[in-house]
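Participant: Residues in the sequence shown are numbered from 41 upward in steps of one, following our numbering. Below you will find the structure I want to go over with you.
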Amino acid sequence: MKIRIILLQLLLLFVLGTAQAQKFGHINVGNILVLMPETKGADSLLQIYQDSLVAIGESRADSLKNDILAFSKDYNEGLLTPKQAQTKQAELEKRHQGILAYEQQVQNLVAMKREELLTPILEKLQKAIDEVGKEGGYYMIFDTSVVNTILYAQESDDLAPLVKKKLGIE
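Laid out in structure tokens, this is it:
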């Protein structure tokens, strides 16, 4: 009987000790990400890339617009046979569809480039968070930049200052 009581007390002591040892922290990853100089550089590169792709699309659209105006003029002046007009109209419609497809392609290319540029930055940030978590003995760290991630938190430490220090951000 005494052994059971002692074992129960030891178990209770272990459970309470474990529960008290768990530390929780939180950080707004979005706020830290914005402060990182690498993010600013990636944003600049992404904007240049996107602008170059948009310029190509605008050039194609301007060319199509000019060709439509020329077609309209020739058609109205009766310079085209019905067969020529039909062929030219089909060609212009095909080019228009190509421009629409290019616009979608630009969105996909920009998204892929964004991921390519941000992946190493996010990995660096995650490494800093991991190091702060290990050094501080944190059981769990929550990202408060994600909407509705934490609705209530009793006690947790804001780790932003520690992560900023780890990344060399003031």
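Yeah, the Cβ is synthetic: ideal placement off N, Cα and C, and Gly gets one too. This one's a predicted model, so the numbers in the text were calculated from it and none came from an experiment.
Alpha carbon to alpha carbon, what distance is there between Leu-119 and Ala-125?
Facilitator: Each residue's Cα considered, the two are about 9 Å apart.
Participant: Assuming Asp-197 contacts Gly-97 under a Cβ cut-off of 8 Å, what Cβ separation, rounded to an integer in Å, is found between them?
Facilitator: Going by Cβ atoms, the distance from Asp-197 to Gly-97 rounds to 48 Å, so no, they are not a contact pair.
Participant: I'd like the span of the beta strand (DSSP E) that includes Gly-65, first residue to last.
Facilitator: Its beta strand (DSSP E) spans residues 63-67.
Participant: At the level of alpha carbons, what is the spacing between Leu-199 and Asp-83?
Facilitator: Cα to Cα, the separation comes out at about 25 Å.
Participant: Going by the DSSP bridge assignment, what does Phe-182 pair with across the sheet?
Facilitator: Paired residues: His-66.
Participant: Answer yes if the segment 87-106 comes into contact with the segment 137-149, meaning at least three C-beta pairs across the two stretches below 8 Å, and no otherwise.
Facilitator: With a cut-off of 8 Å, the segment 87-106 and the segment 137-149 count as touching, because enough Cβ pairs lie within range.
Participant: Between which residues of its own chain and Ala-151 is the CB-CB distance below 7 Å, once the five residues before and five after are set aside?
Facilitator: Once the five neighbours on either side are set aside, Ala-151 has no close Cβ partner at all.
Participant: Can you tell me the Cβ-Cβ gap for Glu-171 and Lys-204, rounded? I've got them flagged as a contact below 8 Å.
Facilitator: With a Cβ gap of about 13 Å, Glu-171 and Lys-204 do not count as contacting.
Participant: In angstroms, rounded to a whole number, what distance separates the CA positions of Gly-208 and Asp-91?
Facilitator: Those two C-alpha atoms are separated by around 31 Å.
Participant: State the DSSP-derived secondary structure class of Leu-191, mapped to helix, strand or coil.
Facilitator: Unreliable placement is indicated for Leu-191, whose pLDDT of 46 sits below 50; the coordinate value is still reported in the next sentence. Correct three-state label for Leu-191: coil.
Participant: Could you tell me which residues DSSP pairs with Glu-198 in its beta bridges?
Facilitator: The sequence shown places Asp at residue 198, rather than the Glu named in the question. Partner(s): His-66.
Participant: Have a look at Glu-156 and Glu-78 and give me their C-alpha separation to the nearest angstrom.
Facilitator: Going from the Cα of Glu-156 to the Cα of Glu-78 covers about 13 Å.
Participant: Let me make sure I understand the geometry here. Which of Lys-134, Ile-72, Gln-62 has the alpha-carbon closest to that of Lys-164?
Facilitator: When only C-alpha atoms are compared, the closest one is Ile-72.
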